[in-house]
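Right, one structure below, let's go through it.
2 protein chains.
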Amino acid sequence: MSTAASRRRPATIHDVAREAGVSRGTVSRVLNGGHYVSPTAKAAVDAAIRRTGYVVNRHARSLITGKSDSVAFLLTEPQERFFEDPNFNVLLRACTQALAAQDIPLLLMIAGTEDERRRNLRYIEAGHVDGVLLVSSHSGDPVVARLHEAGVPVVACGKPLGQTAKIGYVAADDRDGARDMVRHLYASGRRRIATVTGPLDTPGGVERLAGYRETLAECGLPADETLIAPGDYSRASGEDAARALLERAPDIDAVFVASDLMAQGALDAFARAGRRVPEDIAVGGFDDSPAALSTRPSLTTIRQPWDRISTEMVRTLLARIAGEEPAAVILPTELVRRESA
Amino acid sequence: MSTAASRRRPATIHDVAREAGVSRGTVSRVLNGGHYVSPTAKAAVDAAIRRTGYVVNRHARSLITGKSDSVAFLLTEPQERFFEDPNFNVLLRACTQALAAQDIPLLLMIAGTEDERRRNLRYIEAGHVDGVLLVSSHSGDPVVARLHEAGVPVVACGKPLGQTAKIGYVAADDRDGARDMVRHLYASGRRRIATVTGPLDTPGGVERLAGYRETLAECGLPADETLIAPGDYSRASGEDAARALLERAPDIDAVFVASDLMAQGALDAFARAGRRVPEDIAVGGFDDSPAALSTRPSLTTIRQPWDRISTEMVRTLLARIAGEEPAAVILPTELVRRESA
DNA sequence: TTCTCTACTGTGAACGCTCACAGATGCATG
DNA sequence: CATGCATCTGTGAGCGTTCACAGTAGAGAA
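Protein sequences appear in the order of chains F and A.
Taking our numbering, the leading residue of the first sequence gets 1, the next gets one more, and so forth.
Taking our numbering, the leading residue of the second sequence gets 342, the next gets one more, and so forth.
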């Protein structure tokens, strides 16, 4: 029976050593880089490993090394915002794969409720993972401080706001992306450019608004607070904000909306108000989410390099675990021109 | 320094025993259910645990018990289909949380490429996880057989197709959901009811089509193969299929589309063809994805109980790990009436 | 009283691995 | 020829836990 066969006690390093005619120590050395091992011994061990189907017991290894060779992907969102965000999927997938390439499993942790937060922190602080990939958008997240205090290597996705602790992070250049979009709107002849912001307790929200302001100034357009409407990244808030803008400033000819989801809502609002896009009002989004392709007109937007963000997060975290100091990595964005602007 | 403090060697069971004035054995017993422990001893141990901040070292425990107290969430999709599926997010999140409630971490594994498949199987077969939550839609997936052969407890999401092995699974009642929808279309007076199917190498695709066929027969409508157009769950395929249907059978007055994403595409196709929904053609979707709310008209669809599917998957897997035989769990769906039908 | 049974407690031995160290070998150097 | 050094190898100890077992105390039965 194959079931019975695979159920028998798996080979240990001892079995391999006996099979290869060497000592445990030599096998262990082969397993860990092969330094100070003669070619003959290494060959014998490799063959023995193949014959016995040996796979290292990570628990035994971890017990003595004190490392777990695993990493947590920690989501500290009270809302389910992130799970609805298509970018989040890309991030999670790419991180998983980047880690898998180094044979490091990813533990998915969700700390929505206070109870989950306690549980997960306990787990992490107990040293059951070597490091944490942190996705926490909101300002002053206590988890960030706790992890830092516990001395656990952390790399955040996006600059953690309201933190005194020095935390490494990887982020897209939100400000520069916003600049690109607003410059693009300006270049196409628009002069009354409004914006719908993201939540201003998130780095993206803050930075994109800053980029918008800077570019208006740079282009010599007057700063006009009535052209700024707050949103919370949700579709509905985009719709509301767009309506509010139309009311306050009916003469706008362009809107930079800080997320595609909100831009979708804005497109609807404009359609209902009888404004044509892009003829009457140009609309620029942010994220290049799949939805940006299915709107009518399709959405001109800013692409964030999620694949690179993920690989950089993993790289930075592993470096951090290896003892390097925390670092910030900012990656460039890209303007994607479609029909809406 | 708090950093220094938290960096010092964590408390072991030994420290707790000394602090509580008992032996290791007694502490261990308290940790594992507290049987055969006097109330006084238990109180002393609990207090000592609190004072020392002791957290069990899972590696040491696993080393001797042979169990890892962790579970893999394995995705074997060549395509990135699942990561674009909003349902997948719900599934992953709910599974994570259901497991977290039992203090069992979830390891996310993606086996898209052959290399990833090998790596992950090696990891799982080495006994590094106690069980696997499997998401694998396509027929005859070799991973399913491998896992079964290795004797690893597995629970699949959706009935695994083309498997001789007896695998436990949890699924929504796709067939019954399809029946509900078609009955609903019939009840609203439609008599030329077409369907856009899902991929027919997935359980959902097969079952939903079967439900469609059964209900037509039940209602005394003729079986007409020209009313059946294949899709692959993608938005584009829904659009194509709807266009093909219009050409082959211009007189259709309703379409049951096997997924919301495809239904979105179909709505577009109908809009372009100048057909009004629901006046000329009623459209029913499947999934109740977030997108179903943002279409115009909003989409009548079938809701799958993803929360329950997730908790049942976890419950079933834990039971399986505890030694129970594999079981199939089928959960009821629900018709969600909106504007499109 | 003596025996048995139950409830509880402590102890040594694992689990499979890495690490530090000691020992061995070969080769170049003084 | 002795010495040093680099390369390679084996051994014992120990990581923190659970498990099996031996042992103790107290209650109840004979």
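C-beta atoms are modelled at their ideal positions from N, C-alpha and C, and glycine is treated no differently.
Non-local C-beta neighbours of His489 of chain A in its own chain, meaning closer than 7 Å and more than five positions away in sequence, comprise Val495, Ala506 and Ile508, ordered along the chain. Where Thr536 of chain A is concerned, there is no enclosing alpha helix (DSSP H), although the beta strand (DSSP E) around it starts and stops at Ile534 to Thr538. When C-beta distances to chain A are compared with 9 Å, every residue of the segment 13 to 43 of chain F stays at or above that value. In chain order, Asp260, Leu261 and Gln264 place their CB closer than 7 Å to the CB of Ala291 of chain F, counting only its own chain and leaving out the 5 sequence neighbours on each side.
Note on Ser478 of chain A: 16 or more other CB atoms within 10 angstroms of its CB, so buried under the neighbour-count rule.
Nearest CB-CB separation between Asn428 of chain A and chain F: not below the 8 Å threshold. Of the residues assessed, Ser379 of chain A falls on the exposed side of the cut-off, its CB having fewer than 16 other CB atoms within 10 angstroms. Listed by position along chain F, the residues whose Cβ is nearer than 8 Å to that of Ala441 of chain A are Met109, Ile110, Glu116, Arg119 and Asn120. About 16 Å separates the beta carbon of Asn428 of chain A from that of Asp573 of chain A, a gap too long to meet the 8 Å contact definition. In the structure shown, Tyr510 of chain A falls within a strand segment according to DSSP collapsed to helix, strand and coil. If one requires a minimum length of 4 residues, the alpha helix (DSSP H) runs lying completely within the segment 98 to 151 of chain F are 114 to 125 and 142 to 149, in chain order.
Between the beta-carbon of Asp514 of chain A and that of Thr674 of chain A there is about 6 Å, and that keeps the pair under the 8 Å contact cut.
DSSP, read as helix, strand or coil, puts Phe627 of chain A in coil. For Pro105 of chain F, the nearest beta carbon of chain A is closer than 8 Å to its own beta carbon. For Gly468 of chain A, the C-beta contacts it makes with chain F under 9 Å involve Pro10, Val55 and Asn57, in order along the chain. Close to Thr437 of chain A, with beta-carbon spacing below 8 Å, are these residues of chain F in chain order: Leu108, Met109 and Ile110. Taking the C-beta atoms as reference points, Arg487 of chain A is found no nearer than 8 Å to Leu526 of chain A. The beta carbon of Arg617 of chain A does not come within 8 Å of any beta carbon belonging to chain F, so the residue lies off that interface. In terms of Cα proximity to Tyr54 of chain F, the closest of A:Met522, A:Leu562 and A:Tyr464 is A:Tyr464. Put simply, of A:Gly615, A:Ile650 and A:Asp609 the residue whose alpha carbon is nearest the alpha carbon of Thr636 of chain A is A:Asp609.
Arg338 of chain F has a beta carbon lying at 8 Å or more from every beta carbon in chain A. Using beta-carbon distances, Ser237 of chain F does not count as an interface residue toward chain A, since no partner is under 8 Å. With respect to the 8 Å criterion, Val257 of chain F and Val206 of chain F are not classified as neighbours on the basis of their beta carbons. Close partners of Leu63 of chain F in chain A (Cβ separation under 8 Å): Asn398, His400, Ala401 and Leu404. The beta-carbon of Arg320 of chain F is placed no less than 8 Å from the nearest beta-carbon of chain A. In this chain, the beta strand (DSSP E) harbouring Ala595 of chain A covers Ala595 to Val598.
Taking C-alpha positions only, Leu474 of chain A is separated from Ala452 of chain A by approximately 13 Å. Residues of chain F whose Cβ lies closer than 8 Å to the Cβ of Ser635 of chain A are, in chain order, Arg235 and Gln264.
Relative to Ala577 of chain A, the option among F:Leu293, F:Gly238, F:Arg248 and F:Arg208 whose CA is nearest is F:Leu293. In this structure, DSSP gives Pro544 of chain A a helical state, which the three-state scheme calls helix. Residue pairing for Pro571 of chain A: DSSP places it in a beta bridge opposite A:Thr538. Look at Arg617 of chain A here: in three-state DSSP terms it is coil, with no helix or strand label. Remark: fewer than three beta-carbon pairs, one from each stretch, lie closer than 8 Å, so the segment 205 to 224 of chain F and the segment 356 to 365 of chain A are not flagged as touching. Fewer than three pairs of CB atoms, one per stretch, sit closer than 8 Å, so the segment 63 to 79 of chain F makes no contact with the segment 35 to 50 of chain F. Between the alpha carbons of Glu324 of chain F and Thr316 of chain F lies a distance of about 9 Å. A direct Cα-to-Cα measurement between Ala254 of chain F and Val283 of chain F gives close to 6 Å.
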